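Residue numbers (this note's numbering): 14 to 147.
Ideal placement from N, C-alpha and C gives every residue a C-beta, glycine not left out.
Nothing here was measured: the structure is a model prediction, and the numbers come from that model.
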């Protein structure tokens with residue numbers, strides 16, 4: 014990653030949106046594809062410190078929603094919650110439920126937290142539920 018384009022708009026009385034490329038600025042959620050140790054594809058900057066964002070209740074909560082302009086391909090992200098320890102983001106998944114998903118020219122994608130543990134009954138994307146790992 015060699016560039017940043019801050020798109021967040023923080024309230025006037027708070028610090029400005031971070032333009033740092035470092036994911037350690039305490040205002041960054043890393044979007045990664047594949048393995049947990051893979052490099053981040055996108056850095057999402059938040060106005061509030063990431064530690065103050067509530068933990069997701071997997072598998073019910075959408076962690077991040079991306080509203081994408083189908084003409085330009087640019088997306089705006091809504092951070093709803095963060096993945097708790099022991100889980101990671103999975104997606105993007107097409108999200109067609111909310112009313113704004115039906116607006117022409119806007120595609121809505123969501124990301125959910127999935128457990129990284131190897132316990133019995135775990136769901137693996139595209140494979141369905143596993144019977145047992147033992």
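Among 129, 80, 40, 86, the one whose alpha carbon lies nearest that of residue 61:
On the chain shown, position 48 is the one that residue 61 refers to. Comparing Cα-Cα distances from residue 61 to each of 129, 80, 40, 86, the minimum goes to 40.
- Item | Residue interval of the beta strand (DSSP E) (run including residue 75) | Here the question's residue 75 lines up with position 62 in the chain shown. 75-82 is the span of the beta strand (DSSP E), which, as asked, contains residue 75.
Residue 15 to residue 28, Cα distance in whole Å?
As a first step, residue 15 is located in the chain shown; it is residue number 2 there, counting from the start. As a first step, residue 28 is located in the chain shown; it is residue number 15 there, counting from the start. Residue placement at residue 15 is poorly supported in this model, since its pLDDT is 49, which falls under 50; the coordinates still yield a value, given next. Their Cα atoms are separated by approximately 23 angstroms.
By alpha-carbon positions, which one of 32, 34, 59, 105 ends up nearest to residue 121? By one-based count along the chain shown, residue 121 stands at place 108. Among 32, 34, 59, 105, the Cα nearest to that of residue 121 is on 105.
**OP:** State the beta-bridge partners of residue 40 as determined by DSSP.
**Re:** Here residue 40 refers to the residue found at position 27 when the chain shown is read from its first residue. Answer by DSSP bridge pairing: none, since residue 40 is not bridged.
In the DSSP assignment, what residue or residues form a beta bridge with residue 127?
Here residue 127 is taken as the residue at index 114 of the chain shown, counted from 1. According to DSSP, residue 127 bridges with 101.
* According to DSSP, what are the bridge partners of residue 58? -> Within the chain shown, numbered from 1, the residue matching residue 58 stands at position 45. In the DSSP output, where bridge partners are listed per residue, residue 58 has 41.
- Task: Tell me, to the nearest whole angstrom, how far the beta carbon of residue 42 is from that of residue 63; I am working on the premise that it is less than 8 angstroms.
- Result: Translated into the one-based positions of the chain shown, residue 42 becomes position 29. Translated into the one-based positions of the chain shown, residue 63 becomes position 50. Rounded, the Cβ-Cβ distance is 6 angstroms, consistent with contact.
Which first and last residues belong to the beta strand (DSSP E) in which residue 32 is found?
Within the chain shown, the letter at position 19 stands for residue 32. Neither: residue 32 is in no beta strand (DSSP E) and is coded neither H nor E.
Nearest to residue 124 by CA position, among 90, 24, 83, 36, is which residue?
Along the chain shown, read from residue 1 onward, the residue named residue 124 stands at position 111. Residue 124 has its Cα closest to that of 90, out of 90, 24, 83, 36.
Q. Measuring CA to CA, which of 126, 31, 33, 23 is closest to residue 75?
A. For the purposes of this step, residue 75 is taken as the residue at position 62 of the chain shown. With distances taken between CA atoms, residue 75 lies nearest to 126 out of 126, 31, 33, 23.
**Q.** Among 100, 59, 86, nearest to residue 68 - alpha-carbon criterion
**A.** For the purposes of this step, residue 68 is identified with residue 55 of the chain shown, where counting begins at 1. Residue 100 holds the alpha-carbon nearest to the alpha-carbon of residue 68 among 100, 59, 86.
Give the DSSP bridge partners of residue 121, in chain order.
As a working mapping, residue 121 is identified with position 108 in the chain shown. Checking the DSSP bridge columns, you'll see residue 121 partnered with 80.
| Which class does residue 63 belong to by DSSP, given the choice of helix, strand or coil? | For the purposes of this step, residue 63 is identified with residue 50 of the chain shown, where counting begins at 1. If DSSP states are grouped into helix, strand and coil, residue 63 belongs with the helices.
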